[in-house]
Amino acid sequence: MSTKQRLLFITTGGTIASVRTQQGLKPVLTSEEL
64 MSTKQRLLFI TTGGTIASVR TQQGLKPVLT SEEL
């Protein structure tokens, strides 16, 4: 018997999905890209 596990991935616009600009951090990755 095999069971499927689910993973919920929530992106909140933190530094992992941002790049630093002169105006501050800017989002560059969408949840699909991550």
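Heads up: the sequence shown begins at 64 in the numbering used here, then just goes up one per residue. We put the CB at the ideal spot given by N, CA and C, even for glycine.
{"Query": "Does DSSP classify Thr78 as helix, strand or coil?", "Result": "helix"}
{"Query": "Run through DSSP, which three-state label would Leu88 get?", "Result": "strand"}
{"Query": "State the Cα-Cα distance for the pair Arg83 and Leu92, rounded to the nearest angstrom.", "Result": "13 Å"}
{"Query": "Expressed to the nearest angstrom, what Euclidean distance is found between the alpha-carbon atoms of Phe72 and Thr78?", "Result": "15 Å"}
{"Query": "What distance in whole Å lies between the Cβ atoms of Leu88 and Ser94, which are believed to be in contact at a cut-off of 8 Å?", "Result": "Not confirmed; about 17 Å, so no contact."}
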